[in-house]
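Enquirer: Structure incoming, see below.
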Amino acid sequence: MSKKHYPEVSAKPDFPKLEKEVLAYWDVHNTFQKTMDARSGAPEFVMYDGPAFANGMPHYGHILTAYAKDLVPRYQTMRGKFVPRNIGWDCHGLPTEQDAEKYLNISGRQEIIEFGIEKFNAVCRERVTMFEDEWEKIYKKMGRWIEYNRTWRTMDMEYMESVMWAFKQLYDKGLIYEGKYSIWYSYGTESTVSNSETKQDDCYREREDTAVTVMFELNDTDVPTYILAWTTTPWTLVSNFALCVGGDVEYAVMEEGGKHYIIGDAAREKYKKQLENATLVKVINGHELVGKTYVPLFDFFKDTPGAFKIVANDFVTTDTGTGVVHLAPFGEEDLVIMQEEGISWHAPVDGQGKFTKQVAPYAGMLVFDAIVPIIDDLKKSGKLVKREQFKHAYPHCWRTRVPLISMPLNSWYVDVPKFRERSAELNKGIAWIPENVRDGQMGKWLEGARPWAISRSRFFGSPLPIWQSDNPEFPRTDVYGSLAEMESDFGQKIESLHRPYIDNITRPNPDDPSGKSIMRRVPDVLDCWFESGAAPFASIGFPFRNNDWFDKHFPSDFVVEYISQTRGWFYTLMNLATPLFDKKPFKTAICHGVVLDERGLKLSKSLRNYVDPTEVMDNLGSDTLRWFLMGSPILTGGNLVIDKECKEIAKTMRQVIMPLWSSYYFFTLYANAESVKANEIKGSNNLMDKYILSKMRTMVMNITELLDKSHINECAPHFTEFMDVLNNWYI
789 MSKKHYPEVS AKPDFPKLEK EVLAYWDVHN TFQKTMDARS GAPEFVMYDG PAFANGMPHY
849 GHILTAYAKD LVPRYQTMRG KFVPRNIGWD CHGLPTEQDA EKYLNISGRQ EIIEFGIEKF
909 NAVCRERVTM FEDEWEKIYK KMGRWIEYNR TWRTMDMEYM ESVMWAFKQL YDKGLIYEGK
969 YSIWYSYGTE STVSNSETKQ DDCYREREDT AVTVMFELND TDVPTYILAW TTTPWTLVSN
1029 FALCVGGDVE YAVMEEGGKH YIIGDAAREK YKKQLENATL VKVINGHELV GKTYVPLFDF
1089 FKDTPGAFKI VANDFVTTDT GTGVVHLAPF GEEDLVIMQE EGISWHAPVD GQGKFTKQVA
1149 PYAGMLVFDA IVPIIDDLKK SGKLVKREQF KHAYPHCWRT RVPLISMPLN SWYVDVPKFR
1209 ERSAELNKGI AWIPENVRDG QMGKWLEGAR PWAISRSRFF GSPLPIWQSD NPEFPRTDVY
1269 GSLAEMESDF GQKIESLHRP YIDNITRPNP DDPSGKSIMR RVPDVLDCWF ESGAAPFASI
1329 GFPFRNNDWF DKHFPSDFVV EYISQTRGWF YTLMNLATPL FDKKPFKTAI CHGVVLDERG
1389 LKLSKSLRNY VDPTEVMDNL GSDTLRWFLM GSPILTGGNL VIDKECKEIA KTMRQVIMPL
1449 WSSYYFFTLY ANAESVKANE IKGSNNLMDK YILSKMRTMV MNITELLDKS HINECAPHFT
1509 EFMDVLNNWY I
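Residues are numbered in the working numbering as their position in the sequence shown, beginning at 1, plus a constant of 788.
See the structure below:
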């Protein structure tokens, strides 16, 4: 009777079941730890893992990145490297707060305050921990090897203290300041949105809006004279405080019915219908209009000092509209110009995006809902010249999807323009895949980087470590960079850095001899992107611990995330690494593409346009999904379509996984029949051998090209040796 060297296997395997058996074997035999132990003391390969928001279950984008983050360390381990594999969780910020609001069935800033900040933050912490456990289950299901005993969280005290240190370092370097700018604001989250956040996927979405042309009556003229202005945001007209012309732009003075109308001369063609009965009186230069005053469109703020006058600025052209721009504090450039011209202003919009009682007819109305009644009132008063509909790409909140509004607000900023040239220079030394990202999407973004708004009027986050005097007669600002500094000044043990505990830490203002004024914390929390950008050092508690380790592991050898992280995590890593350490944060970066549905839309829970990836793993196996994603062009920057029926994923099972299994089944069947062991067969000409070897060669070559594109010569000897082994053994 022949001796069987191999187990009998089924011709029709249950891959998900087999994967469970493998996972159980790894657990029982502590396989992952053994691979780590086997490389102890070897040269290290460092990969930073971008912290995931622990506020929901992972989608295909997360799964794709996680497979890559497992593939690369395994490959580097095969090459003899020791690869630390700890991960982290982004616990703070809007995603977590929104999940807590949904869970508690409350909504908005005021309801959170009424519920209680302490209780609300406790729910946030609880929800984050719950989702962490679920993510870990999926990671294990995927076969991803992670050091779960070394995970870190942005909400941990040690992490938050490192974030404080980074903030203080930037402040001491003169790179953090408070300013009032008109910045993007989400009334859906009742918080500011940084410029980089408006560049997230699907932020700019097509929207139909109304543009209007209105006329303002000039004061002190011999003939009733009106100047025409155009705007795409009619709701801001209630806060018009100035008009802006181009100093060198030519303006036509038109006459009709004993009245004069002023419009950019080059813009007349666009108003042919409105001016068909008017005749040209003369053409004047924009500078001739500067300083003239006019009658406000509305009476709400008619007594505002220094307002309702014409100014000039080079940004005004006749390319769109009338060549006259109406200025309101809701426009970024508008506010800057008004501040430079000493024009006072009011912004009658509350945190929910609704008009206040200052503009009584529209009080309580969402600004976008007030557009129609505002236009109707302008029409009744005879000030409406033209109304038109247009479609355009408009920024929306990346979390709530409501359209953003630009609001004049106090915020704290990192003065990125001061070091953006150095960031751009350091970026040149990073190996980007695809290569064009270096000088394209990432390089151009760094070169034009603007101030980074880092304060948020929210609740669950690292605090702004800033205390200010509550009496302007005795101004003082203290910024803290460690718990020790705080404990020294406040004379007490700091038990928590979360709100509301940290808000109650106060002390008398040392600069007030009366002792009556108090140092109180600025109530905002930090943008959670600031925290994730601090991950390389905050995850290990630097500079309060592990300093030697950090010095040897920064920058990292490798990072991988999807392409839009050039506006997110990659960008914030650079924004902290450059001013803090004058180094690039990573040496090599893969920017993978986006997973789309058959219509080209990004996969979205709200659209329900994809099958849960865990269902795919349950039905087809994790290895099938892994091969499908890792073998696609998405890892080199292309996009990947996943149909809702997962036909292409199933094709991977038929064309790749099953042939490999069939060859194994074929071999075991006949090897057992003939009592043959694999290592006894050398240089077989069997067609199935060649087929499998071809598949293995393709796989290894693809991985090698992807991982070692920047140093292929170094990899070549290892690759050749590996292929020689494959060629001399039956697989």
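Quick reminder that beta carbons are idealized off the backbone N, C-alpha and C, glycines included.
Computed from a prediction, not measured in an experiment: that's the story for all the values here.
(1) Does DSSP put P1401 in a helix, a strand or coil?
(2) Give me, in chain order, the residues of the same chain whose beta-carbon lies closer than 6 Å to that of D882; leave out the 5 immediate sequence neighbours on both sides.
(3) Assuming the contact rule is C-beta atoms closer than 8 Å, L1408 and F803 should be a hit. Round their C-beta distance to whole Å, please.
(4) Can you tell me the Cα-Cα spacing of F1342 and P1205, whole angstroms?
(5) With 16 as the cutoff for other CB atoms within 10 Å, does H859 come out buried or exposed?
(6) Please work out which residues of its chain come closer than 7 Å, Cβ to Cβ, to T1110, disregarding the five sequence neighbours upstream and downstream, and give them in chain order.
(7) Pick from Y794, H793, D815: whose alpha carbon is nearest that of K929?
(8) Note the first and the last residue of the continuous alpha helix (DSSP H) segment covering P1196.
(9) Just how far apart, CA to CA, sit T1366 and I1242?
(10) How long is the line joining the alpha carbons of G1388 and R993, rounded to whole angstroms?
(11) How do the region 950 to 965 and the region 1338 to 1356 stand: do at least 3 beta-carbon pairs fall below 8 Å, yes or no?
(12) For D1291, I'd like the list of residues in its chain whose CB is within less than 7 Å of its CB, leaving aside the five on either flank, ordered along the chain.
(13) Nearest to Q1256 by CA position, among E1283, G1236, R1295, is which residue?
(14) Hey, quick one: how far does the beta strand (DSSP E) through Q1256 stretch, first residue to last?
(15) Relative to the alpha-carbon of I785, which residue among K1439, L1364, E1349 has its alpha-carbon at the smallest distance?
(16) Pick out whichever of G931, N818, H847 has its Cα sitting closest to the Cα of K808.
(17) Count Cβ pairs between the region 1017 to 1036 and the region 1081 to 1096 that sit closer than 8 Å; are there 3 or more?
(18) For I1491 and I1351, what's the separation of their Cα atoms in angstroms?
(19) Skipping 5 residues on each side, what residues in its chain have a beta carbon closer than 6 Å to that of L1361?
(20) Should H880 be labelled buried (16 or more other beta-carbon atoms within 10 Å of its own) or exposed?
(21) Name the residue from R1414, A1237, V951, E996 whose alpha carbon lies nearest to the alpha carbon of K857.
(22) Mind listing, in chain order, the continuous alpha helix (DSSP H) runs of no fewer than 4 residues lying wholly within the region 1088 to 1130?
(23) Which residue comes first and which comes last in the alpha helix (DSSP H) that contains D1339?
(24) Evaluate K890 with the Cβ neighbour count: other Cβ atoms within 10 Å of its Cβ, from every protein chain shown; 16 or more gives buried, anything less gives exposed.
(25) Expressed to the nearest angstrom, what Euclidean distance is found between the alpha-carbon atoms of V797 and K925?
(26) Decide if H1184 is buried, meaning its Cβ has at least 16 other Cβ atoms within 10 Å, or exposed.
(27) Where does the unbroken alpha helix (DSSP H) through K1232 begin, and where does it stop?
(28) With respect to 6 Å, is the separation between the Cβ of A826 and the closest non-hydrogen atom of the ligand PLP below this value?
(29) Could you give the C-beta distance for L1214 and K1371, rounded to a whole number, given that I count them as a contact under 8 Å?
(30) Where Y975 and P1196 are concerned, what is the direct C-alpha to C-alpha distance, given to the nearest angstrom?
(31) Can you tell which of T884, S1250, I875 has its C-alpha closest to the C-alpha of E935?
(32) How is D997 classed by DSSP in three states: helix, strand or coil?
(33) From A1148 to G1236, what does the alpha carbon distance come to, in whole angstroms?
(34) I'd like the list of long-range same chain contacts for T942, defined as Cβ closer than 6 Å, with 5 residues on each side in sequence excluded.
(35) Can you tell me which residues form a DSSP beta bridge with E1176?
Expert: Quick answer:
(1) helix
(2) According to the sequence provided, residue 882 is Leu. The question's Asp does not apply to it. Around L882: T977, R1187.
(3) 7 Å
(4) 24 Å
(5) Just to set this straight, residue 859 is Leu in the shown sequence, not His. So L859 ends up on the buried side.
(6) T1001, L1016, A1017, W1018, I1051, G1052, A1055
(7) D815
(8) Where P1196 is concerned, there is no enclosing alpha helix (DSSP H), although the beta strand (DSSP E) it sits in stretches over 1193 to 1202.
(9) 17 Å
(10) 14 Å
(11) no
(12) R1309, P1311
(13) R1295
(14) 1254 to 1257
(15) Examination of residue 785 is not possible in this model, given that the chain is present from 789 through 1519 alone.
(16) G931
(17) yes
(18) Only weak support is given to the placement of I1491: the predicted model assigns it a pLDDT of 48, under 50, and the value that follows is read from those uncertain coordinates. Each residue's Cα considered, the two are about 19 Å apart.
(19) G1321, P1373
(20) buried
(21) R1414
(22) 1120 to 1129
(23) 1335 to 1341
(24) exposed
(25) 28 Å
(26) buried
(27) 1229 to 1235
(28) This structure does not include the ligand PLP; it has no bound ligands of any sort.
(29) 7 Å
(30) 13 Å
(31) I875
(32) strand
(33) 41 Å
(34) D878, C879, H880, E1319
(35) A999
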